[in-house]
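What follows is a set of notes on a single structure, which appears directly below.
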Amino acid sequence: MLLDFLTYPFLRYTFLTGILIGLIAPLLGTFIVVRRQSLIADALSHVTLAGISFGLMTEKVYGWVISPIYSGMFFSVLGSIFIEKLRTVYKAYQEISIPIILSAGVGLSVIFISVADGFNTDLFNYLFGSVSAVTVNDFYVISGVAAFVLVIIWLFFKELFTMSFDEEQATIAGLHVKWINMLFIVLTALVIAASIRIVGVLLVSALMTLPVAASMRIAKGFKQMIFLSILFGEIAVIFGIISGYYLDIPPGGTIVMTSLILLLIAIGMKKLRK
Amino acid sequence: MTTPVVSMSNINFHYESRKVLDNINFEIPQGAFMGLVGPNGGGKTTLIRLILGLERPETGEIMVFGQSIQKLKNRDRIGFVSQKANAFNKGFPATVYEVVASGLTAQLGYLKFLTKKDKQKIHGAIAQVGMTEYTKQNIGNLSGGQQQRIFIARALVSDPELIILDEPTVGIDYENVKIFYELLYKLNTEFKKTLLLVTHDTGTMTQYATDIVCLNKTLHFHGNPDEYASLTEADFSQIYGHPVSLVTH
């Protein structure tokens, strides 16, 4: 059954990219969920779509070849910086930054798509993911992003944990909360932009939150929650990509449904334990 | 004469047009167990936020360990147990060990990891508050009183000289409040920690505190528990801004 994934290079790269995404998306998702910022992933994925549309538009209208993964990442990072800035402007209504950035992302996407008068490239792939969309270049870029994210999380793990548990305490202790928040949201933006090839704009937030929601039900401690989130994320990605390929369904759908089944099992297990 | 742990002179503070603190002058001497009491909205939490450097006064100067709070580099000399501690995200799956370890984050510094010695400190702080058997439990599964003891352990783990507690006994039953005060008393007398405790529970606090301060925008009283006990209903009515009846247990 896995033979095709070993035989065809494009499938091999998709599979390996999926493994990387299954690692970094739930890892960052753990912090996002406990900080009650789950919707940030949705906002940033829509901004990433604007970036992808921008890349495709410039190629079609002006003939400038900008890889959509780079333009997507650029817009996503820019969007993340705006979210963080808006959160400081509206201190009492920090969540308002999410619909602002989300709608800005959709608005820009619509404009870029209209200016380009539609795309030959199937935008459907970017919305729901694709097993054939990952290029060798994408794989290298995503590997670089994954390595960067893992190193930063490893180096700043204790600060991120302290801030996630009690931001006020972290401020009093003298941590540079503002800068660490900015670093974290930029990492999130990079992970989202990297994940879109496989999972798609509309479903990327699910890969960051559903495995975490499942592990939260059964984990004892934060590190165990991270481990279980990654485990569930990897199961969902591997099963989702393989089943998506053989059933001819975009992998975003199968990954999310696998994550959802894992979540239901975790909820059931918790109820059985009681 | 030793430098006071906290010294505030001529402090004024407004929230928009509302005056919250009016010309506050006082000191917390080293080794004191100071109880800070007063009505809601009287400026107690604001005073603490100023001492912690979370707000800046409009006038005056706040010195902590002889240095301006804004310039104080070793923030780990101050431990803080917040009023919000009992309102933390109970679904956060962090173990007692992980929560107490987070109290060392700032002291360790960036790009540094816990050493064997640090891990011993964490276990020591958990033992100090009598919670060793709960080390691997998720904090959300503990009772309110136990959670507060864990937050004290988090404040203690960096070995601070001053511990500030903002209404830490809210929502905790009488038995646990008693255990809590005994722990504070031990920290003050045996471990020589200077304590500043904001509370409405004046009855229990006066049994353990060395100094009591009454605040309602201005400083109405600063003395020892015996002097505080001699205040009359008329004095309290003036402090609280409305008629007060004293009830003794």
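Note that the protein sequences, when read in sequence, are chains X and D.
Quick note, the first sequence lines up with residues 720 to 993 if you use this note's numbering.
Quick note, the second sequence lines up with residues 927 to 1175 if you use this note's numbering.
Even for Gly, the Cβ is constructed at its ideal location relative to N, Cα and C.
Point to revise | Residues of its chain near residue 889(X), where Cβ-Cβ distance is below 7 Å and the 5 sequence neighbours each way are ignored | key: 881, 882, 896
Review point. Roughly how many whole angstroms lie between the Cα atoms of residue 937(X) and residue 1142(D)?
Key: 47 Å
Exercise for review: Report the residues of the stretch 750–769 of chain X with a CB closer than 7 Å to any CB of chain D, ordered along the chain.
Suggested key: 753
**Study point:** Buried or exposed by the 16-neighbour rule on C-beta atoms within 10 Å, applied to residue 806(X)
**Key:** buried
**Study point:** Residue environment, residue 836(X), which counts as buried when at least 16 other CB atoms sit within 10 Å
**Key:** exposed
Review point. For residue 1093(D), which option in 939(D), 966(D), 978(D), 1018(D) has the closest C-alpha, if you only look at C-alpha atoms?
Key: 966(D)
Point to revise | Closer than 8 Å to chain D by CB, residue 881(X) | key: yes
Check your understanding: Does any CB atom of chain D fall closer than 8 Å to the CB of residue 887(X)?
Key -> yes
Check your understanding: To the nearest whole angstrom, what separates the beta carbons of residue 919(X) and residue 846(X), a pair I think is in contact under 8 Å?
Key -> 5 Å
Point to revise | Every unbroken alpha helix (DSSP H) within the stretch 926–991 of chain X, with a cutoff of 4 residues, ordered by chain | key: 941–966
Exercise for review: Spell out whether any CB of chain X is found under 8 Å from the CB atom of residue 1160(D).
Suggested key: no
Point to revise | Rounded distance between the beta-carbons of residue 1076(D) and residue 1124(D), thought under 8 Å | key: 19 Å between Cβ atoms; not a contact.
Point to revise | Exposed unless 16 or more other CB atoms sit within 10 angstroms - verdict on residue 1154(D) | key: buried
Review point. Is there a Cβ from chain D that is less than 8 Å from the Cβ of residue 891(X)?
Key: yes
Check your understanding: Three or more beta-carbon pairs under 8 Å between the stretch 996–1008 of chain D and the stretch 934–945 of chain D, yes or no?
Key -> no
Point to revise | residue 879(X) to residue 752(X) span [Cα, whole Å] | key: 13 Å
**Study point:** Check whether residue 1086(D) and residue 1003(D) have beta carbons under 8 Å apart
**Key:** yes
Review point. Chain D partners of residue 866(X), CB-CB under 8 Å?
Key: Here the premise fails: no neighbours, minimum Cβ distance about 17 Å.
Review point. Which residues in chain X sit within 7 Å of residue 1025(D), going by Cβ to Cβ distance?
Key: 884
Review point. Listing by chain order, which chain X residues have their CB less than 7 Å from the CB of residue 1032(D)?
Key: 892, 893, 894
**Study point:** Cβ of residue 958(X) within 8 Å of any chain D Cβ
**Key:** no
Check your understanding: Hey, quick one: how far does the beta strand (DSSP E) through residue 959(D) stretch, first residue to last?
Key -> 959–963
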